[in-house]
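> As given, the protein sequences belong to chains Y and E, one line each in that order.
So the first sequence is residues 1 to 347, counted in the numbering used here.
So the second sequence is residues 348 to 694, counted in the numbering used here.
Number of protein chains: 2
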Amino acid sequence: MEKPPKVTQREIARIAGVSQATVSMVLNDREYSNVRIPEATRERVRRAIEQTTYVPDPAARRLAGLDNKILGVFTYEAALSRESLDFYGPLLHGIEQEAERLGCDLLFFTSSPVEDGTRKLFHKQTRLRLTDGCILLGQQMDSAELTRLVEEGFPFVAVGRRDEPGVPYVGIDYVTLTGDIVEQAVALGHRRITYAHYGRSTPAAADRVAGLALAAETMLVETTLLSTADSDLSEVAAVIANGTDTVVITEDVFMAEALAVELAEHGKAIPEDLSLAVLGDVEGHSLGGRGMTGFQLPREQLAAEALALLQQLIVRNDKARAKLELRTMIEGSIVAGATLAQLKESR
Amino acid sequence: MEKPPKVTQREIARIAGVSQATVSMVLNDREYSNVRIPEATRERVRRAIEQTTYVPDPAARRLAGLDNKILGVFTYEAALSRESLDFYGPLLHGIEQEAERLGCDLLFFTSSPVEDGTRKLFHKQTRLRLTDGCILLGQQMDSAELTRLVEEGFPFVAVGRRDEPGVPYVGIDYVTLTGDIVEQAVALGHRRITYAHYGRSTPAAADRVAGLALAAETMLVETTLLSTADSDLSEVAAVIANGTDTVVITEDVFMAEALAVELAEHGKAIPEDLSLAVLGDVEGHSLGGRGMTGFQLPREQLAAEALALLQQLIVRNDKARAKLELRTMIEGSIVAGATLAQLKESR
DNA sequence: CTGAAAGCGCTTACAG
DNA sequence: CTGAAAGCGCTTACAG
C-alpha cells in the first residue's frame, strides 16, 4: 500500500500551466493588489482540480493565517457518557445544528487531562490553537483559564453566565424564572418556602439564590435555605418534614426526586402535604405520575446562540467586534406541573 | 484588546539562549544523528517554557509531518440529535472514552455537505487531512469514498462490517446472533418463521438474512421474508396475521413495536398468538410490560475497539501494520426476553 | 495580468 | 554538542 503522493497546489499549477500562487487565488476567489485573473485561467485551474483529488491542506491554511472553519468544544467533564448526555445532549445538538449551518467542523477536546476532577483546557499539548474559536460548557469552569482566554484575545463563548470580566457568554435568566416560581407559589396561597440546594458557587446557583431573595423581599415570603453541602439529604428532609414551610423548592430535578422519596418516609406526600417546585429543567420527569412544576429551558437555542456569537467574534474585525453584544441572557419558561398546588389549610 | 504576540519556539529559544531547533528537540524528547542535549540545557528550555504561555502550534506540527493526536469522527447523518443519539450515543461514548485514554482529541465533520440524504466525506473543504485518521459511522456508507480512502492509504476504520476490499472494520457478528435466535425458536417448538425487514442493502442487513438462511437450512425451518420496502407495514402485518408462521422476527426494535400494534388490530397478541424476536438491540425496550427477545449489542466496546485499531494503524509503520488484524467481528449476546414463547399447539 | 519569494511555526536532516 | 537551513503546503504581499 504505497501512498500516492498527496496532490498539492503545485501539482494543480503544473497541470493548468499557471503558478502555484494563481491556484491559491482562484481557490480563495481572492485578488490582491489590483490583480485580476481572467475567467479562462480560472476555468483551467478549476478543471485541473476536478481531474485530481486535490483538497487544500487545512494545517497549511491555518499556518498561513486563514480561518479553519473549526470550532472547539470544551466540556469540563466527559460529555458523551450516558449520564452526561442528559445534560449535554440538548446543548450538543444545538451546537451540531448551528455548526452544520455555519459550515464548521467541531473539535472536542477529549484529550484534556483531568486535574481535581475537571479537565484542563490549557496543557502542554492543547489543540486549542487549531480552532478558530471555542465554546465552553460545564458547571465548573476555571476562572484562571477564562481570564487567560480573555487576555490572549482568543475568541470564545461560555455557555452560562460568568462573573469574570470580559468573558462573552450566553446564559439563562434564572433570576427571573425563580421569581416566577415564587410568584406562582404565592398566588396559590403559600408564604413560607424552603429552598434545598447543593451549596455550589457557580453563577447559575448564585442567580437562583438571588432570584429567590429578590422575590422573597418583593412578595413578603419567608424563605429557608438548606444546603446538602452542610447536611445530607435525609437531614434536609427531616428539617422540612418537621417544619412549617409549605413549599419546598429544589435546585434540580434529581434532588427533587430523591427528596420526595425521603419526605414520603416522613409521611409527607406531594403535593397533598407539601408542594414542590424545581429551579431546573423538568422536561420528561414526573413524580408519581404527576408532572413536575419547574422550568423548561431552551438548551438547544442556548447552545446555538452561543455558537452564532462565537462565529461573529471570529469573523468580525476589531472595530465591528466592539459593537457586538457579548453577553446575552435568554428566557426560559415555567412548566406549570402538578407538584405545586393550592395551599389547603394553614398548618 | 490587542492580542499579545503568540509565543513560539523562537521566543523560548531566545529566553533560554539556545537555538530554536534545540527547543524543538527538547520538547519532543528526540535526538537526531548522534545529537545529545545535556540535561542542563534541557532544564533551561523547560524553565523558559514554564515562564511563558507557550503551547506548540498543532497546525505547524502537522504540516511538518507529525501526528496531531486528532482523530476524525465521520457520521453519515447528524449524530447528536435526539433521535440519532439513541443509536449513536453508546458508540460516541465508547469513542470518547477511548480517545480520552489515548490522549486524542476528536474532530466531528459536522460541516460535510448533505447530498442525496447522506453527508459527503470528501468535499472542497474537507478537514479530513487535519486528522491522523478517521472513524466512520453510519448505515449508508459510500462505497466510492471508502475505496478512495483505501487507495490514498489514509488511516481509517469503519464501524460495522463492509464488503469493499481493504476496508478495515470492527463489526458485529449478526450471522451467529441470528442463528442463535432461530435456535431458540426451534427449541421452543417453532418451525415456521417470518422475517420482516427493511429491504436495505447494508452488510449488516445482508448478514441477518444470511444468518437466517443458514439457520433455516441447518435446522430445517421454513422462513418467509417480507420487506417493508415492497409493501407497507400494515400489509406485512396482514400477511403475518393470516398466515401460519408462528414466529415473527423483525430487523429492529422500532419495527417490532410498530408491527405489534398492527398485529393487535388483527387480534393477534404477543406472545400468546405469535412469538416475536428482534435482530437488533432491545435494551430498555419492552412490549406491553414484557421484555423483548433480541440482542444485546456491545456498542461501546465496538466503538472503543474501532478507535484502538485506528490508533494502531496510525502509529505503526508499514511493516508492523501488515501484521495487524484489519477486520474484527465481535460477539453480541441474546436477551432471552418474554416475547419469544413456547409454541402452544399446532395451528 | 503572472511568477518568484517571503513567511506562518514547526521538524529534521546536515554542517560546524 | 549547537546552529543555520530546508521543507511541509499554504497565503499574500511585491516585482516583473
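We put the beta carbon where it would ideally sit given N, CA and C, even for glycine.
Which bits of chain Y does Arg-474 of chain E rub up against, with CB to CB less than 8 Å?
Pro-58, Asn-68, Lys-69, Ile-70 and Asp-105
> Measure the alpha-carbon distance for Glu-492 of chain E versus Tyr-54 of chain Y and round it to whole angstroms.
14 Å
> With a threshold of 8 Å on Cβ separation, who are the neighbours of Pro-113 of chain Y within its own chain once the five nearest residues in sequence on each side are excluded?
Arg-119, Lys-120 and His-123
> Could you check whether the segment 221-234 of chain Y touches the segment 188-207 of chain Y, counting it as contact only if at least three pairs of C-beta atoms, one from each stretch, sit closer than 8 Å?
yes
> Terminal residues of the continuous beta strand (DSSP E) containing Glu-511 of chain E?
Careful: Glu-511 of chain E lies outside any beta strand (DSSP E) and carries neither H nor E.
> Just to confirm, is the Cβ distance from Leu-649 of chain E to Ile-677 of chain E under 8 Å?
yes
> Okay, do the segment 233-243 of chain Y and the segment 263-270 of chain Y touch, 3+ Cβ pairs below 8 Å being the bar?
yes
> Kindly indicate the opening and closing residues of the beta strand (DSSP E) around Thr-575 of chain E.
No beta strand (DSSP E) contains Thr-575 of chain E, which DSSP labels as neither H nor E.
> Taking 8 Å as the CB-CB cut-off, is Leu-496 of chain E touching chain Y?
no
> Here's a check: name, in chain order, each residue in its chain whose Cβ is nearer than 8 Å to the Cβ of Pro-56 of chain Y, leaving out the five neighbours to either side.
So the qualifying residues of the chain are Gln-9 and Leu-27.
> What is the rounded straight-line gap between the Cα of Met-348 of chain E and the Cα of Arg-321 of chain Y?
Because Met-348 of chain E carries a pLDDT of 38, less than 50, the predicted location of this residue cannot be relied on, and the following value inherits that uncertainty. Each residue's Cα considered, the two are about 10 Å apart.
> Should Val-261 of chain Y go down as buried or exposed, given a rule of 16 or more other Cβ atoms within 10 Å for buried?
exposed
> How is Phe-455 of chain E classed by DSSP in three states: helix, strand or coil?
The DSSP-derived three-state label of Phe-455 of chain E is strand.
> Could you give the C-beta distance for Ile-49 of chain Y and Ile-12 of chain Y, rounded to a whole number, given that I count them as a contact under 8 Å?
Yes, Ile-49 of chain Y and Ile-12 of chain Y are in contact; Cβ-Cβ is about 6 Å, under 8 Å.
> If we count the other Cβ atoms within 10 Å of its Cβ and call it buried at 16 or more, is Ala-368 of chain E buried or exposed?
Exposed, by the Cβ-count rule.
> Going by C-alpha distance, which of E:Arg-389, E:Arg-637 and E:Gly-631 is nearest Ile-617 of chain E?
Out of E:Arg-389, E:Arg-637 and E:Gly-631, E:Arg-637 has the C-alpha closest to the C-alpha of Ile-617 of chain E.
> With 8 Å as the limit, tell me which residues of the segment 24-58 of chain Y have their beta carbon closer than that to any beta carbon of chain E; keep them in chain order.
Under the 8 Å Cβ criterion, the segment 24-58 of chain Y contributes Thr-53, Val-55, Pro-56, Asp-57 and Pro-58.
> Is the CB-CB distance between Asp-180 of chain Y and Ile-334 of chain Y below 8 Å?
The Cβ atoms of Asp-180 of chain Y and Ile-334 of chain Y lie closer than 8 Å to each other.
> Are Thr-339 of chain Y and Ala-237 of chain Y touching if we call contact CB-CB under 8 Å?
no
> Leaving out the 5 sequence neighbours to the left and right, which residues in its chain are closer than 7 Å to Lys-691 of chain E when beta-carbon positions are compared?
none
> Look at the alpha carbon of Val-282 of chain Y and the alpha carbon of Ala-304 of chain Y, and state the distance between them as a whole number of angstroms.
21 Å
> What whole-angstrom Cβ distance do Gly-284 of chain Y and Gly-294 of chain Y have, given they're in contact under 8 Å?
That pair is no contact at about 11 Å.
> So, is the C-beta of Phe-469 of chain E closer than 8 Å to a C-beta in chain Y?
yes
> So what does Glu-569 of chain E bridge to, in DSSP terms?
E:Arg-539
> In the DSSP assignment, find the beta strand (DSSP E) that holds Asp-281 of chain Y and state where it starts and stops.
275-281
> Beta-carbon of Leu-130 of chain Y versus every beta-carbon of chain E: anything under 8 Å?
yes
> For Leu-644 of chain E, name the three-state secondary structure that DSSP assigns.
coil
> Just to confirm before moving on: does the CB-CB distance between Leu-418 of chain E and Ile-482 of chain E stay below 8 Å?
yes
> Residue range of the beta strand (DSSP E) that Gly-464 of chain E falls in?
Premise fails: Gly-464 of chain E is in no beta strand (DSSP E) and is neither H nor E.
> For Thr-246 of chain Y and Leu-220 of chain Y, what's the separation of their Cα atoms in angstroms?
15 Å
> How big is the Cα-Cα spacing for Leu-475 of chain E and Ser-431 of chain E?
The straight-line gap from Cα to Cα measures roughly 23 Å.
> When the distance is taken between beta carbons, is Pro-437 of chain E closer than 8 Å to Leu-660 of chain E?
Not closer than 8 Å, so no.
> Is DSSP giving Leu-690 of chain E helix, strand or coil here?
The answer is coil: DSSP assigns Leu-690 of chain E none of H, G, I, E or B.
> Buried or exposed, going by whether 16 or more other CB atoms sit within 10 Å of the CB of Gly-684 of chain E?
Counting Cβ neighbours within 10 Å, Gly-684 of chain E comes out buried, since at least 16 surround it.
> Quick check on Arg-668 of chain E: does DSSP put it in helix, strand or coil?
helix
> According to DSSP, simplified to helix, strand and coil, what is Arg-327 of chain Y?
strand
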